[in-house]
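Residue numbers (the working numbering): 122 to 470. All C-beta atoms, glycine included, are put in the ideal place defined by N, C-alpha and C. Quick caveat, the model's predicted, so the values are computed rather than measured. One structure is given here, and the rest of the page talks about it.
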């Protein structure tokens with residue numbers, strides 16, 4: 122088995138050659154065909170997330186010790202299963218739900234493995250899809266994505282799922298209520314596409330790189346703003362009817378401060394991005410404005426089923442996607458860190 126691994130935090134990935142694993146118990150072996158290259162892996166490769174105030178959350182505290190095989194958007198062919206895996210779609214392609222938990226706690230039994238207190242996320246605590254083979258803990262995490270372009274299907278497991286789950290947290294609202302997306306990277310463009318597929322009409326995007334504005338409008342955004350401009354807040358507050366919701370796909374102090382300030386009374390701010398930092402929040406004005414501030418982290422297995430079903434209807438428009446080879450993943454992570462990727466890049470194994 123060939124993989125691209127983090128051998129030392131903050132350093133380029135290195136190719137590794139090891140024996141192809143044999144599935145045990147309920148495990149399923151998948152031959153990976155595609156794996157999305159996600160911006161979160163930039164932070165994971167660096168070995169930490171910025172918590173603000175000079176504090177860092179080290180990946181070693183999350184159960185990760187190099188060598189680590191990242192990649193949490195895998196899609197591939199079912200090859201074999203362990204003795205307790207049951208009947209499997211051998212030889213068929215499946216999308217993998219990567220946010221797997223312990224399988225035994227209340228959260229996992231409730232179907233929200235992504236909230237498991239002892240997660241075994243594929244590509245984080247468990248070996249991921251930057252490899253030509255992958256072990257999936259149970260067949261229930263395999264989804265039939267028939268009818269979806271194979272290079273688009275992988276990013277549904279993270280970009281699609283994450284934006285869908287966050288969008289649901291902004292509901293219910295009227296299709297004419299303004300929702301502002303912070304960031305027009307791959308996640309931001311997917312958020313616009315997702316909201317449009319869900320029937321929303323008024324979407325605005327805040328993005329400092331104005332070269333990405335055209336792509337945001339192509340996906341369905343009606344307005345684009347540069348959040349670094351001095352009048353950014355007044356521009357957002359001038360939107361007809363005010364801003365109902367903000368989906369922050371950057372998650373920096375600047376975007377959070379702007380997004381929360383822009384909300385109309387009763388509005389909702391959902392933070393998704395992991396750029397890092399912290400903000401002071403006035404409890405008095407939070408109560409007086411009746412605003413909601415909520416975090417959203419990936420999504421449940423059922424939500425991914427709903428995303429796949431939505432994509433299969435043709436309502437979910439594909440964002441710009443480029444492909445790369447396995448040996449180019451580290452270079453793509455560098456480009457993601459520099460903010461020079463339009464849409465998403467998917468590694469082809």
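Strand pairing of residue i, partner residues [DSSP]
{"i": "residue 264", "result": "216"}
{"i": "residue 325", "result": "301 and 344"}
{"i": "residue 152", "result": "198 and 254"}
{"i": "residue 446", "result": "469"}
{"i": "residue 225", "result": "Per DSSP, none; premise fails for residue 225."}
{"i": "residue 416", "result": "392"}
{"i": "residue 127", "result": "189"}
{"i": "residue 276", "result": "None, per the DSSP bridge assignment."}
{"i": "residue 243", "result": "247"}
{"i": "residue 433", "result": "Residue 433 pairs with nothing; no bridge assigned."}
Inter-residue CB distance, residue i and residue j (contact presumed, cutoff 8 Å)
{"i": "residue 310", "j": "residue 340", "result": "5 Å"}
{"i": "residue 303", "j": "residue 380", "result": "6 Å"}
{"i": "residue 217", "j": "residue 151", "result": "6 Å"}
{"i": "residue 285", "j": "residue 394", "result": "Going by Cβ atoms, the distance from residue 285 to residue 394 rounds to 16 Å, so no, they are not a contact pair."}
{"i": "residue 188", "j": "residue 127", "result": "7 Å"}
{"i": "residue 244", "j": "residue 193", "result": "3 Å"}
{"i": "residue 255", "j": "residue 197", "result": "7 Å"}
{"i": "residue 281", "j": "residue 428", "result": "5 Å"}
Contacting residues, own chain, Cβ-Cβ under 8 Å from residue i (five flanking each side not counted)
{"i": "residue 297", "result": "322, 323 and 362"}
Own chain residues within Cβ distance below 6 Å of residue i, not counting five before or after
{"i": "residue 130", "result": "168"}
{"i": "residue 456", "result": "462"}
{"i": "residue 371", "result": "303, 304, 394 and 396"}
Beta-carbon spacing of residue i, residue j below 8 Å
{"i": "residue 447", "j": "residue 432", "result": "no"}
{"i": "residue 153", "j": "residue 252", "result": "yes"}
{"i": "residue 113", "j": "residue 368", "result": "With the chain running from 122 to 470 in the structure shown, residue 113 is simply not present."}
{"i": "residue 136", "j": "residue 148", "result": "no"}
{"i": "residue 195", "j": "residue 275", "result": "yes"}
{"i": "residue 329", "j": "residue 349", "result": "yes"}
{"i": "residue 344", "j": "residue 359", "result": "no"}
{"i": "residue 318", "j": "residue 417", "result": "no"}
{"i": "residue 204", "j": "residue 157", "result": "no"}
{"i": "residue 452", "j": "residue 173", "result": "no"}
{"i": "residue 264", "j": "residue 391", "result": "no"}
{"i": "residue 405", "j": "residue 388", "result": "no"}
{"i": "residue 202", "j": "residue 266", "result": "no"}
Contacts around residue i, its chain only, beta-carbon distance under 7 Å, and the 5 residues preceding and following it disregarded
{"i": "residue 273", "result": "439 and 442"}
{"i": "residue 313", "result": "302, 324, 326, 337, 340, 341 and 342"}
Ignoring anything shorter than 4 residues or poking outside the region 155-210, list the alpha helix (DSSP H) runs there in chain order. 161-167
Along the chain, which unbroken stretches of the alpha helix (DSSP H) at least 4 residues long are found entirely within the region 358-410? 374-383 and 404-409
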